[in-house]
Structure formats: C-alpha cells, structure tokens
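Reviewing the structure listed below.
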Amino acid sequence: MRIVLVGPPGAGKGTQAHLLAKTLSIPHISTGDLFRANIGQGTELGKAAKSYMDAGQLVPDEVTIGMAKDRMAQADAAQGFLLDGFPRNLAQAEALDGILAEWGIKLDGVLDLEVPEDEVVKRIAGRRLCRNDGSHVYHVDYNPPAVDGVCDECGGELYQRADDNEDTVRNRLDVYHTETEPIIAYYQAQGVVSTISALGKVNEVTDRAIEALKRDN
Ligand code: ADP
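Sequential numbering of the sequence shown, starting at 1, is according to my numbering.
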C-alpha cells in the first residue's frame, strides 16, 4: 500500500504512522525525522533545514522534494510506503504525483487525522521523542514511558523537540492551515481521502485508521 498521512502538528501522525507501518509491513517515511537525522549528523541538508524548522516554517521545496524522492526510491519502499509529513503543500503534492507517474504507480489512500486545536497544543507541549528513533513517540501524561525519560522500545533517551514550544507551535499551526490543508481538497478531487478523528486512545485511533483504509480502498 502507498499511503499519505495528513493532519496538523500534534495530531499523532508520527505515533500512528509508526504503528500503521508495522501493521501493514511498509516503511514509515517521515520528512521531519529525515530532517532531524540530517541535523543530528551535521549534513549540508540538515544545515539548510534547521533555521526553517526552528521557526516552524516549511523547509524549501527544492530541498524537501529531492530528499523525499531519494527515500522513496530505496529498495524497502518498492512495495509500498507510508508518507508522514510529505507532501505538505500543493507544490509538493503535484511533485509527488509527477514522481509516482514517472514510476508508474499510484497512491492507495490519504488518511486525514482530525483533532481540535486546543488538544493539539496540549499534545505538543507534553510530547517526548526517542533520540535513537524519532518514531518512538511519548507524551508525559497521555502515553508515558514505563521509566521516566527512557524509551520503552529501545532504552534510548527521551527528549523534547526544539520546535515543540508555544510560539513555534502557533506558527506551525498557521502554516498547516494556509499551506497544508489545501492538499486535502486536492486529494479529495482524486477520491482518495479517508478522514478520521484522532481523539481517543492511541490503539483506538490505529484501529479506526486500519478500518478506514480497508473500507475506502
Ligand atoms: P509536525 O507534523 O509535528 O509539525 P514534523 O516532524 O513532521 O512535525 O516536521 C517538523 C518540521 O520539519 C516542520 O515544521 C518543517 O519545518 C519541516 N518539514 C517536515 N516535513 C516537511 C515538508 N514536507 N516540507 C517542508 N518542511 C517540512
């Protein structure tokens, strides 16, 4: 399956993508994780992305689209993938359509996670990530690890993202509304969108997502 996950920051895309990718046996491709890995390794790409990310702005399309295409072209993604955080604007959605057409493949579905804005802010403020694998995501109240500050899955150290502060979150929400939300209508016109509520327990949302993908595809 080839799936795109859309939703505001804090909707739980990373958490759900990690679980869905496991269930569907496809790689989880997160442009946010790829940028953070590049920043951690001090690459040129990481240096180019950092100031935009810290400000809650989108990294320029020239950088993002090439990086996403390279990752999708890797062998483990040949049978399918779950895109998380890409595309994030109309230009990226059109570029993705072009890449898929070039490869003779199509998207199976776009999963749109809906969540009220006040909930988003609470989720982001308490979010903690694993340093070893950014797709191991926790929340200090809603989804705490068994041991404070330690990843249940791999024992890695948990940390708070530099852009998970109130000012940046507000920017990220603005950017979501103006730049990213229009891609939902774009994909609706292709008849591939499933919208689900992202409220409730993590595993309830995963079940809802799997059901929606089965029903609509
Ligand atoms: P969230 O969805 O929680 O906001 P992500 O980890 O997906 O977080 O992304 C963090 C930041 O990385 C974004 O605010 C943006 O700066 C950058 N980024 C991620 N994906 C893209 C993309 N497709 N295009 C441009 N910038 C991106």
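Cβ coordinates follow ideal geometry from the N, Cα and C atoms, glycine included.
Check: residue i C-beta below 6 Å from any heavy atom of ligand 1
| i | result |
| --- | --- |
| arginine 170 | no |
| glycine 66 | no |
| tyrosine 52 | yes |
| threonine 178 | no |
| phenylalanine 81 | no |
| valine 59 | yes |
| arginine 88 | yes |
| proline 9 | yes |
| threonine 31 | yes |
| glycine 42 | no |
| glycine 85 | yes |
For residue i, the residue or residues it bridges with in DSSP
| i | result |
| --- | --- |
| glycine 109 | Ile3 |
| isoleucine 196 | Leu113 |
| leucine 90 | Per DSSP, none; premise fails for leucine 90. |
| tyrosine 159 | Leu129 |
| valine 150 | Glu157 |
First and last residue of the uninterrupted beta strand (DSSP E) at residue i
| i | result |
| --- | --- |
| histidine 28 | 28–30 |
| tyrosine 176 | Looking at the DSSP string, tyrosine 176 is not in any beta strand (DSSP E), and its letter there is neither H nor E. |
Separation of residue j from residue i, as counted between CA atoms
| i | j | result |
| --- | --- | --- |
| leucine 83 | valine 147 | 30 Å |
| valine 205 | proline 27 | 19 Å |
| alanine 73 | proline 145 | 34 Å |
| aspartate 207 | tyrosine 142 | 18 Å |
| glutamine 190 | leucine 199 | 26 Å |
| leucine 90 | glycine 149 | 38 Å |
| glutamine 188 | cysteine 151 | 37 Å |
| glutamate 44 | aspartate 133 | 21 Å |
First and last residue of the uninterrupted alpha helix (DSSP H) at residue i
| i | result |
| --- | --- |
| aspartate 207 | 202–216 |
| valine 140 | No alpha helix (DSSP H) contains valine 140, which DSSP labels as neither H nor E. |
| leucine 20 | 13–24 |
Closer than 6 Å: residue i CB and nearest ligand 3 heavy atom
| i | result |
| --- | --- |
| glycine 12 | Ligand 3 is not among the ligands present in this structure, which contains only ligand 1. |
query: Can at least three beta-carbon pairs, one atom from the region 56–73 and one from the region 12–26, be found at a separation below 8 Å?
result: No: fewer than three Cβ pairs fall under 8 Å.
Inter-stretch contact at 8 Å, needing at least 3 Cβ pairs: the region 163–172 / the region 64–79: Per the Cβ contact rule, the region 163–172 is not in contact with the region 64–79 (fewer than 3 Cβ pairs under 8 Å).
query: On the three-pair Cβ rule with 8 Å, is the region 131–142 touching the region 102–114?
result: Contact fails: fewer than three Cβ-Cβ distances are below 8 Å.
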